[in-house]
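Note that my numbering has the sequence shown beginning at 1, numbered continuously upward.
Don't be surprised by glycine CBs; every beta carbon is placed ideally from N, CA and C.
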Amino acid sequence: MRHGLLAGAILVAGCGSASQDSTSTASTLPVADSPIERCMNLGSALEAPHEGAWGYVIRREDLARLKEASFDTVRLPVRWSVHTQEAPPYSIDPTLLDRVDEIVGWAEELGLQVIVNVHHYDALNENPGAHEPRLEAIWGQLSVHFEGAPETLIFETINEPHTKMTTMRTDALNRRLLGQLRPLHPDRWIILGTAFWGNLSALEESKPPYDSRVLLTYHDYSPFEFTHQGAGWTDQTQTGIRWGSDQEVAEMMAELDKAVAVQERTGMPVLVGEFGVYEGVPIEQRAMWTQTMRTGLEARGLGWCYWDYAGSLKAYDVETEAWLPEIKSALLD
């Protein structure tokens, strides 16, 4: 999820798990079933500079509520870069590691999969050459720290790289991170982040290495002028924009068909890792867009992860301790 302008947010070895240098030889392979069907982003918590700064602290009861509602996965966006030393060896603050361990443990206890990612690494996008070694050191520590963790823990390399993190550069970084992670995590599902803010067009251009336990991902907030109208961290000041014409629905479905084509080309499942509508949009419009997207994804066998649980595109209101019934229904009914 982008904030501000919309912001983004493993020691090197050879790629394992049937990985290859190119997806060209993988295109004839059947696409593996995605391990993720229904997922919820736990945004606005550990992606903030400090948990609670954006008004939400993750609770065990939140994960229990999601499990009861039939979600199978939660995505945990983490702003590791704020809690990591600026100079080698780039040590991560153990307090943050302990907190992530706690949430991962809750998920395991409740029977939920959990995606741990690197979120909002803004400096990486502006100066990749200076910050890629630091990101690799972060993943090196996480790789060792989570060695032996249940396979229900899923890694995601980087969230929404952009600016100087081009598609080509992101592909190269993902190859290195995948090679770094595989020695200690040969069978763990790993999600490869996508350039241009996680845009589908960048995923279409991407040339990821084939790996039988890799998920590709993109984020879909289109049309952005509708989904983010009035959101204060964007330039979308016009409000009152409506969505739902036959043409608009057809355009949405055409984009989802492109995602299916990526699966078929690469031999790897695609996850829509974020989608949603800003809370300032009328609830019936939010629900219509969300349900249309969700049913379109499920009809194509694409896994999804809604953005988000309790933030500014919320499905649950932590102040009233209640689901937004229209959004819950749009996601689950």
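* Taking 9 Å as the cut-off, decide whether the C-beta atoms of Lys164 and Asn127 are in contact. => yes
* Asked: With a cut-off of 8 Å, do at least 3 Cβ pairs link the stretch 254-264 to the stretch 197-204?
  -> yes
* Asked: Which term fits Asp220, buried or exposed, when burial requires 16 or more other beta carbons within 10 angstroms of its beta carbon?
  -> buried
* Measure the C-alpha to C-alpha separation of Thr166 and Phe196 and round it to an integer number of angstroms. => 7 Å
* To do: Could you tell me if the beta carbon of His162 falls within a distance shorter than 8 Å of some heavy atom in the ligand HEM?
  => For the ligand HEM, the structure offers nothing, since it holds no ligand at all.
* To do: Pull up the distance between the alpha-carbon of Ile92 and that of Leu173, whole angstroms please.
  => 20 Å
* **Selected residue, minimal CA-CA separation from His50, among Ser81, Trp233 and Phe71** => Ser81
* Asked: DSSP beta-bridge partners for Glu156?
  -> Asn117 and Ile191
* Less than 9 Å separating the beta-carbons of Ile103 and Leu142? -> no
* Report back the beta-carbon spacing between Glu326 and Ile283 to the nearest angstrom; my notes put them in contact at under 8 Å. => 5 Å
* **Distance between Ile190 and Gly232 (C-alpha atoms, nearest Å)** => 33 Å
* Write down every uninterrupted run of the beta strand (DSSP E) in the stretch 17-90 whose length is 3 residues or greater and which is fully enclosed by it, in chain order. => 38-41 and 73-76
* To do: Could you round the C-beta distance between Ser34 and Leu181 to whole angstroms and report it? I think they count as a contact, below 8 Å.
  => The Cβ separation is near 19 Å, so there is no contact.
* DSSP-derived helix/strand/coil call for Phe224 -> helix
* To do: Starting from the C-beta of Val57, find all residues in its chain whose C-beta is less than 7 Å away, skip the five residues before and the five after it, and write them out in chain order.
  => Ala45 and Glu51
* Determine which residues share a DSSP beta bridge with Trp323 and list them. => Tyr316
* Would you say the stretch 58-73 touches the stretch 291-302, given that touching needs at least three Cβ pairs under 8 Å? -> no
* Asked: If we call anything under 9 Å between Cβ atoms a contact, is Arg188 one with Ile154?
  -> yes
* Could you say which of Ala310, Ser212, Arg286 and Asp235 lies nearest to Pro269 if we only look at CA atoms? => Ser212
* Asked: What three-state label does DSSP hand Val272 in the structure shown?
  -> strand
* **For Leu302 and Ala315, believed in contact at Cβ under 8 Å, the rounded distance** => Contact doesn't hold; Cβ gap of about 19 Å is too wide.
* **First through last residue of the alpha helix (DSSP H) which encompasses Gly303** => Segment Gly303 to Tyr306 is the beta strand (DSSP E) holding Gly303; no alpha helix (DSSP H) there.
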